[in-house]
Amino acid sequence: MSESVFTGPQTRALPRAGGGFVRRWVRNPWRRPTILATITWAYLAWSLIPLVIAIAVSFNASRSSSAVHLFSLQWWWTDPSDSLLHDPELHSAVIQSLRLSLATMAIAVPLGVAFALGIDRWHGRLATGVNFVMLLSFVMPEIILGLSVFFVFSFLIKFVPLGSTAQILGLVTFQVSYPVIIVRARLLSIGKEYEEAAMDLGATPRQSIRAVLLPLLYPAIFASAAIVFADTIDDFVTVRYLSGPVSSEPLSVKIYNFARGQPSPAINAAATFMLGSTIVVAAVAYLLYRAFTKGQRTGAGLGDLATQF
Amino acid sequence: MSAPSQAEPARRSARRSHRASDEGIHYSRWFWPSFTIPASIWLAILFILPLYTVISIAFGTVDPIFRGPLPIYEPWWWSGEQFGRVLDDSFGFYRIVYIHTFEYVIVASALCLVLAYTVAYYVARYGGKRKTLLLALLIAPFFISYLMRMLAWINLLDSEGYINKILTFLHLVPHPIDWLSGRPSTVIMGLVYGYIPYMILPLYAFLDRIDINLLEAGRDLGAGPARTFFRVTLPLSRPGILAALVIVSLPMMGDYYTNNLLSGSPKTTMLGNLIDDAVGSTGQGNKAAAFVLILMALVLIPMLYYMRSTARSLLTR
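In structure tokens form, the structure reads like this:
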């Protein structure tokens, strides 16, 4: 009895160093970091495991989404009619997706970069108004933007038929604010000193932009190109309203249409393909980004960029 | 600084033009504004004009023969008939839809906030050496399309999916549950799942910036861990919380696809579904435009708040 009275407080005061995770948890499950860590890891599991399963389904040799069979590429290209490669509808949708994304990227990024440069150095009432409109397009819910562009092509600008052209015009409107915001953040961290130095050394404004400012902006430009590409290839709200014939529907719209109606592992394969292409573009952009920011101490990191949204 | 460059600002300031950087470099007055012209024209034609078209359709009339909308572009001829009808229905027949929309958005945003704040707080304060890994896992959903993430849940919640397999295997339910037809809980789960990544990262960035010295000061002055959190950390993170709430609730208000994919039943119709359904059916163009205007009015204040915080983050870092 006296022994336990003696050892009791001592063990509590000096927890044994080797106490494992489980023992520490049993002793006091409400220790703050433990419960927070549990929630965080549970969240990550909840957020990522469904995706892993969805990807796995596309490699499963069965139509059911839960019966596990052998690894198979049936839904990718082996199946002669239902696979991503051989279903003519899915096949052309993949090409349409890539076409829309590349075109949108090619238009939205230069427009946005030029706008960011101009608005960063132009002050006055008109500049404030123009900037307001740009920010408004950034925060406007997509359904409003997509529908209003759909209405304008149906009633006012009738010479643009619904289809690829209309889709690209609408997508650029929705995407152009990304490069603006990313490049402006970068301009802020660069400052004006480099340009001024170039011009003190005799460069014209045009030269100083081309030879000094633009190379400093490359990281932001690559980052925004990747974001525009990834966001466009995933987009289905704007694109769906602006698609004309069935052949102008990209993969995202097909997935949206088929997901509830006639689910097939080929749809999972299509979604996985989109995921893959996004990752490739993101990786390329990140490598370019790393290459161009080498040796620079300051600059918006990818984490900073992600927090813009 | 050379003499000519000093003379120039004096001449220019009289003309109310901007003085570039005040450091002796001078661009012609229209040099920088000209950069913004292409994107400005683009937005004028494909953003402002379309918004005006929506107003013209909402306040327009209906073609008596083809039942299509007839937009009226002159404000002085606007007719409030179509819009008035939609507004009347909004307080009658469609009231339940607005109630559902607010209900789902508020519950889903609140759940998002509690979960996102916990995760962001843990990563920011206790991430330690695992911080990079944790951040990478948190950013991953950004690169995965919304559709893919909804598709994953359709697979899981299907009557033959894993969730029902597990539940029936453990004899927790006698029959597979039909998760995917008209269950508000499924829709709310889908909304939380879809939008929470957009909340965690800004919250993390905000919490990461809080000066640790302030927390230590609180501790030194005798506050316990809980008191320090509620009296220091939480008040400091209020602007971040507000911004994060706006970031997720804005798109949720206009969301129709989560609902269509995970429920597809009129029992859980939201405002976005009304808009999407009206566009799809003939003779309802005016209705769709009117709903778009109502949605815009409903999200106006959060939208302005979001714009202000974005503009501020671009001016001060």
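Chains A and B, in that order, are what the protein sequence lines are. For what it's worth, our numbering labels the leading residue of the first sequence as 233, then goes sequentially. For what it's worth, our numbering labels the leading residue of the second sequence as 4, then goes sequentially. Even for Gly, the Cβ is constructed at its ideal location relative to N, Cα and C.
Excluding the 5 residues preceding and the 5 following residue i in the sequence, name in chain order all residues of the same chain whose CB lies nearer than 6 Å to its CB.
{"i": "B/LEU137", "result": "VAL126, GLY130"}
{"i": "A/GLN328", "result": "PRO482"}
{"i": "A/LYS486", "result": "ALA325"}
{"i": "A/ASN500", "result": "ALA286, VAL289, SER290"}
Between the Cα of residue i and the Cα atoms of the options, which residue gives the shortest distance?
{"i": "A/LEU283", "options": "B/LEU140, B/ARG70, B/PHE38", "result": "B/LEU140"}
{"i": "B/THR261", "options": "B/TYR76, B/ILE68, B/ILE60, B/VAL108", "result": "B/VAL108"}
{"i": "B/VAL251", "options": "B/ILE142, B/ILE203, B/GLY275", "result": "B/ILE203"}
{"i": "B/PRO177", "options": "B/LEU183, B/ILE169, B/LEU118", "result": "B/ILE169"}
{"i": "B/GLY243", "options": "B/PRO228, B/GLY267, B/GLY185, B/THR313", "result": "B/THR313"}
{"i": "B/LEU248", "options": "B/THR104, B/THR285, B/ILE278, B/ILE199", "result": "B/ILE199"}
{"i": "B/ARG186", "options": "B/LEU264, B/LEU224, B/ALA42, B/PRO67", "result": "B/LEU264"}
{"i": "B/GLY221", "options": "B/ARG234, B/PHE209, B/ALA291", "result": "B/ARG234"}
{"i": "A/LEU334", "options": "A/TRP308, A/LEU401, A/THR360", "result": "A/LEU401"}
{"i": "B/ALA321", "options": "A/ALA286, A/SER386, A/ALA288", "result": "It is not possible to answer for residue 321 of chain B, since the shown part of chain B is limited to 4 through 320."}
{"i": "B/VAL122", "options": "A/ALA277, A/THR336, A/ILE414", "result": "A/ALA277"}
{"i": "B/SER31", "options": "A/LEU280, A/PRO437, A/PHE383", "result": "A/PRO437"}
{"i": "B/LEU52", "options": "A/VAL365, A/ARG353, A/ILE351", "result": "A/VAL365"}
{"i": "B/MET153", "options": "B/ALA119, B/GLY193, B/GLY275, B/VAL282", "result": "B/GLY193"}
{"i": "B/ARG315", "options": "A/ILE413, A/VAL392, A/GLY508, A/ILE287", "result": "A/ILE413"}
{"i": "B/SER326", "options": "A/ALA523, A/ALA515, A/ILE511", "result": "No information on residue 326 of chain B is available, as it lies outside the stretch 4 to 320 that chain B covers here."}
{"i": "B/THR104", "options": "B/GLY275, B/ALA281, B/GLN287", "result": "B/GLY275"}
{"i": "A/THR272", "options": "B/TRP33, B/TYR120, B/THR285", "result": "B/TYR120"}
{"i": "A/ASN489", "options": "A/PRO451, A/LEU322, A/GLY434, A/TYR521", "result": "A/LEU322"}
{"i": "B/SER82", "options": "B/ALA143, B/SER59, B/ARG128", "result": "B/SER59"}
Do residue i and residue j have their CB atoms nearer than 8 Å?
{"i": "B/LEU150", "j": "A/SER484", "result": "yes"}
{"i": "B/ASN289", "j": "B/GLY87", "result": "no"}
{"i": "A/GLY476", "j": "A/GLY395", "result": "yes"}
{"i": "B/LEU317", "j": "A/ARG416", "result": "yes"}
{"i": "B/LEU54", "j": "B/VAL65", "result": "no"}
{"i": "A/LEU377", "j": "A/THR525", "result": "no"}
{"i": "B/THR39", "j": "A/VAL341", "result": "no"}
{"i": "A/ALA183", "j": "A/ALA502", "result": "Residue 183 of chain A is absent from the model: chain A starts at 233 and stops at 541."}
{"i": "A/PRO411", "j": "A/SER369", "result": "no"}
{"i": "B/PRO41", "j": "A/ALA346", "result": "yes"}
{"i": "A/TYR473", "j": "A/LEU388", "result": "no"}
{"i": "A/LEU330", "j": "A/ALA498", "result": "no"}
{"i": "A/ARG442", "j": "B/ILE157", "result": "no"}
{"i": "B/PHE232", "j": "B/VAL89", "result": "no"}
{"i": "A/LEU268", "j": "B/TYR207", "result": "no"}
{"i": "A/GLU427", "j": "A/VAL444", "result": "yes"}
{"i": "A/PHE383", "j": "B/THR56", "result": "yes"}
{"i": "B/GLY286", "j": "B/ARG70", "result": "yes"}
{"i": "A/LEU448", "j": "A/ILE422", "result": "yes"}
I'd like the list of long-range same chain contacts for residue i, defined as Cβ closer than 8 Å, with 5 residues on each side in sequence excluded.
{"i": "B/LEU159", "result": "TYR165, ILE166"}
{"i": "B/SER93", "result": "TYR101, ILE297"}
Return helix, strand or coil for residue i, following the three-state DSSP convention.
{"i": "B/PRO177", "result": "coil"}
{"i": "A/VAL392", "result": "coil"}
{"i": "B/THR56", "result": "helix"}
{"i": "B/THR272", "result": "coil"}
{"i": "A/VAL408", "result": "coil"}
{"i": "A/THR436", "result": "coil"}
{"i": "B/VAL302", "result": "coil"}
{"i": "B/PRO144", "result": "helix"}
{"i": "B/GLU26", "result": "Any reading at B/GLU26 must be qualified, since the residue scores a pLDDT of 47, below 50, and its modelled position is unreliable; no value is offered."}
{"i": "B/THR236", "result": "helix"}
{"i": "A/THR397", "result": "helix"}
{"i": "B/THR285", "result": "coil"}
{"i": "B/LEU73", "result": "strand"}
Sorted by chain position, which residues of the same chain lie with C-beta nearer than 7 Å to residue i's C-beta, five sequence neighbours on each side aside?
{"i": "B/PRO205", "result": "GLY243, ALA246, ALA247, ILE250"}
{"i": "B/VAL190", "result": "TYR107, THR261, ASN262, LEU265, SER266, THR271"}
{"i": "A/GLU374", "result": "PHE406, VAL469, THR470"}
{"i": "B/PHE209", "result": "SER240, GLY243"}
{"i": "B/GLU26", "result": "Because B/GLU26 sits at a pLDDT of 47, beneath the cut-off of 50, its placement in the model cannot be relied upon, and the following sentence gives the value as read from the coordinates. If we look at B/GLU26 and ignore the five residues flanking it on each side, it has no Cβ neighbours."}
{"i": "A/PHE461", "result": "SER333, MET337, VAL513"}
Inset, instruction - Pair every Cβ in the stretch 212-230 of chain B with every Cβ in the stretch 260-279 of chain B, then say whether three or more of these pairs are closer than 8 Å. - result: no
Inset, instruction - Could you say if the stretch 296-307 of chain B and the stretch 250-264 of chain B meet the contact criterion of at least three C-beta pairs nearer than 8 Å? - result: yes
Legend entry - Members of the stretch 43-60 of chain B that neighbour chain E once the beta carbon cut-off is set at 9 Å: Among the protein chains in the structure shown, which are A and B, there is no chain E.
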